[in-house]
Amino acid sequence: MKRRFRSKFAAALLVVAGLTVPAQAEPDAVKLFADHCASCHGADRLGGQGPALLPENLGRLMGPRAAAVIADGRTATQMPGFSATLDKDEIAALAAFIATPLPKMPAWGSLEIAASRVIHATAPALDRPRFAADPLNLFVVVETGDHHATILDGDRFEPLARFPTRFALHGGPKFTPDGRYVFFMSRDGWVSKYDLWSLTMLSEVRAGINSRNIAISRDGKHIAVANYLPHTLVMLSTADLSVEKIFEARDKKGNSSRVSAVYQAPPRDSFIAALKDVPEIWEIATDPNAPPVYPGLVHSHEKGMVEALQSSQGLFALRRIEIPEPLDDFFFDPPYRNLVGSAREGKAIVVNLTVGRDIKQLSLPGLPHLGSGISWTWNGRPVMATPHLKEGKISVLDMQDWSLIKAIDTPGPGFFMRSHENSPYAWTDAMMGPKKDTMSIIDKRSLEIVRTVTPAPNKTAAHVEFDKYGRYALVSIWENDGALVIYDAASFAEIKRIPMSRPSGKYNVWNKINFSDGTSH
Ligand code: DHE
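Taken in order, the sequence shown gives residues -25 to -1, 1 to 496; the numbers are from mature numbering (1 follows the signal peptide of the UniProt record, and there is no 0).
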């Protein structure tokens, strides 16, 4: 800063003296990046010890926010601040540079994925965990403030382990059906396998450049990774994170698409994938004995011709479900017969997976966040409820005819919603609005808000998860100096508060492996 001020002052003196001023050179962002950033973030900006610096991966961390991180660094990470080394214009040039897409996206296929694999340890042969706590009532807490995860004993609420994770984990971690192993995914495409019984990080692989989420197969043998960059759906073996298959995401006409998410459909023994840019939903068999499906004709860009794809059967057989328009953010009914997906302009579409077509259009304004929906039985009818990202309400829908039963007004637009089979209450936040510090508790019988709690005034409260028995509700205070607040789920009294660094989500092993109706899947 001082350096630039001095040079501007000198330039002004030259003008006063009637001499010409050489034009002030713009900072050379490419050189600045090579000198100061490349050693950690990779010369190609695809990441290294630090995360990838691409607009697709940075999300909201762009412009002034990126400049602030470059200037001041990031607490509890190895990112130093550069305000003493670089002036304001140089920092602004770097922030603009990392917000510019790469001219050409590099290949990220099976060779690159395989080459990225890191084996940290081998899983020890154990017939039970190395700790006394109930392994099925553990919570995995993702702390995105300083990129760590905590393993919490769900009976005593004492941490058993805390370890660093990859930068910016997103989506729920996924568990093997026995609850022993958990898999995390970062927005940079890293998939990490952790052994909950020995509390050890085992292995990691980079399955994409910009990834969305992961799903695990019913038998726990395969992980699917949904990618925005490149446009692929990657199948990995859960045993050693090796690549089993890569699907290039193209519709029947050959149009390429980002894959916005992938989910496990346990009763169907399949993965269901949402394609962001084309009007298809994919179902991929995870049953080695799946019957044949006929994907039909596909335009092949590589060969410049239309070709008939072979029918496929067995493991990873691909079924294309054609829909009127691309759908995102899915909610599945408990038997996984229907899904509801968000379309544009306040519309949601119900797709019947058995017949493979759309069966109903719903008007759901206010941007419903269907992926956070939960279901229960109300007056003998199966219902689902979803928060809205742009309106302070919860929509409760009848899952037989998909009519709106009630729109419950809440203190503000929210992101997450949770309950448990053993609890009559559902909890939801208002984190997208001014009342971001409140959590509303809804009685699932009366469909009324019966209590609003404020865990920490003026601090964002979000994301609830119940313990295995539905006795306690764990709420996050979503700040870097945040906490996990444990409530008695019946009396709503606070039981305990554990300091944590922006605990973005917490996941109970039992609820996850049993696909509880009250939690995300
Ligand atoms: Fe998420 C889950 C998509 C932004 C925190 N988010 C999911 C899932 C999807 C999704 C498809 C389900 C995946 C799964 O668990 O397997 N999220 C999106 C978006 O499209 C969106 C709106 C934009 C984006 O940038 O991707 C988005 N999500 C966010 C955030 O800004 C949040 C609040 C902060 C963050 O860490 O990125 C956020 N998303 C989460 C969390 C879950 C999640 C904590 C897991 C919830 C759960 O309980 O399972």
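All C-beta atoms in this analysis are idealised placements derived from N, C-alpha and C, irrespective of residue type, glycine included.
The structure displayed is predicted, hence computed values, not measured ones.
Per-residue DSSP class, three states only, for residue i
i: Trp485; result: helix
i: Leu177; result: strand
i: His95; result: coil
i: Phe132; result: coil
i: Val44; result: helix
i: Asn32; result: helix
i: Ile66; result: helix
i: Ala89; result: helix
i: Arg162; result: coil
i: Phe8; result: helix
i: Arg294; result: strand
i: His395; result: coil
i: His145; result: coil
i: Asn112; result: helix
i: Gly123; result: First, the amino acid is wrong: residue 123 is His here, not Gly. It is a strand residue.
i: Arg472; result: strand
i: Ser491; result: coil
i: Ala214; result: coil
i: Ser232; result: coil
i: Ala382; result: strand
i: Phe307; result: strand
i: His16; result: helix
i: Arg137; result: strand
i: Arg243; result: helix
i: Pro39; result: helix
i: Ala71; result: helix
i: Gly316; result: strand
i: Ser479; result: strand
Between the CA atoms of residue j and residue i - distance to the nearest angstrom
i: Gly355; j: Phe490; result: 21 Å
i: Ala248; j: Ile256; result: 6 Å
i: Asp215; j: Ser178; result: 8 Å
i: Ala(-9); j: Asp456; result: With a pLDDT of 46 at Ala(-9), under the threshold of 50, the predicted position of this residue should be treated as unreliable, and no value is reported.
i: Phe150; j: Lys487; result: 7 Å
i: Leu290; j: Leu459; result: 41 Å
i: Ile45; j: His206; result: 30 Å
i: Leu(-12); j: Thr60; result: Any answer about Leu(-12) is weak, because its pLDDT of 43 lies below 50 and its placement is not dependable; what the coordinates show is given next. For Leu(-12) and Thr60, the distance between alpha carbons rounds to 27 Å.
i: Ala(-16); j: Pro81; result: Summary for Ala(-16): the model assigns pLDDT 45, below 50, so the residue's position carries little reliability; its value from the coordinates is reported in the next sentence. Near 45 Å, if we compare the C-alpha coordinates of Pro81 and Ala(-16).
i: Gly195; j: Ala(-1); result: 57 Å
i: Thr429; j: Arg472; result: 13 Å
i: Asp226; j: Pro254; result: 8 Å
i: Val315; j: Gln336; result: 9 Å
i: Ala43; j: Leu7; result: 16 Å
i: Ser347; j: Met414; result: 15 Å
i: Ser370; j: Asp376; result: 15 Å
i: Arg295; j: Thr427; result: 44 Å
i: Arg40; j: Gly229; result: 38 Å
i: Pro104; j: Glu118; result: 24 Å
i: Phe106; j: Tyr444; result: 20 Å
i: Pro399; j: Glu366; result: 24 Å
i: Ile298; j: Ser245; result: 19 Å
i: Ala318; j: Leu204; result: 22 Å
i: Ala90; j: Phe159; result: 19 Å
CB contact flag (residue i, residue j, <8 Å)
i: Leu69; j: Leu29; result: no
i: Ile73; j: Leu33; result: yes
i: Asp452; j: Ala431; result: Residue identity differs from the one stated: residue 452 is Ile in this sequence, not Asp. Yes, they are a contact pair.
i: Gly120; j: Gly480; result: no
i: Gly164; j: Ile184; result: yes
i: Tyr311; j: Ala260; result: no
i: Pro134; j: Leu144; result: no
i: Phe307; j: Thr361; result: no
i: Tyr447; j: Ala464; result: yes
i: Glu219; j: Leu211; result: yes
i: Pro2; j: Glu65; result: yes
i: Arg187; j: Ala236; result: yes
i: His197; j: Thr175; result: no
i: Ile349; j: Arg393; result: yes
i: Arg243; j: Leu328; result: yes
i: Ile417; j: Ile383; result: yes
i: Val200; j: Ala182; result: yes
i: Gly129; j: Asp109; result: yes
heavy atom of the ligand MG below 7 Å from residue i C-beta
i: Phe8; result: As presented, the structure is devoid of the ligand MG, carrying the ligand DHE as its sole ligands.
Looking at C-beta atoms only, is the number of pairs between the segment 399 to 413 and the segment 426 to 439 that lie closer than 8 Å three or more? The segment 399 to 413 vs the segment 426 to 439: in contact.
Quick check: the segment 10 to 29 against the segment 40 to 60, are at least 3 beta-carbon pairs closer than 8 Å? The segment 40 to 60, when compared against the segment 10 to 29, does touch it at the 8 Å Cβ threshold.
Would you be able to state if there are at least three C-beta pairs under 8 Å between the segment 382 to 393 and the segment 335 to 351? The segment 335 to 351 is in contact with the segment 382 to 393.
Tell me the start and end of each unbroken beta strand (DSSP E) in the segment 331 to 362 that is at least 3 residues and wholly inside, in chain order. Fully enclosed beta strand (DSSP E) runs of 3 or longer: 332 to 338, 349 to 353, 356 to 362.
List, from N- to C-terminal side, the beta strand (DSSP E) runs of 3 residues or more that fit wholly inside the segment 398 to 464. Entirely contained in the segment 398 to 464, the beta strand (DSSP E) runs reaching 3 residues are, in chain order, 400 to 404, 414 to 418, 423 to 428, 436 to 441, 447 to 452, 457 to 463.
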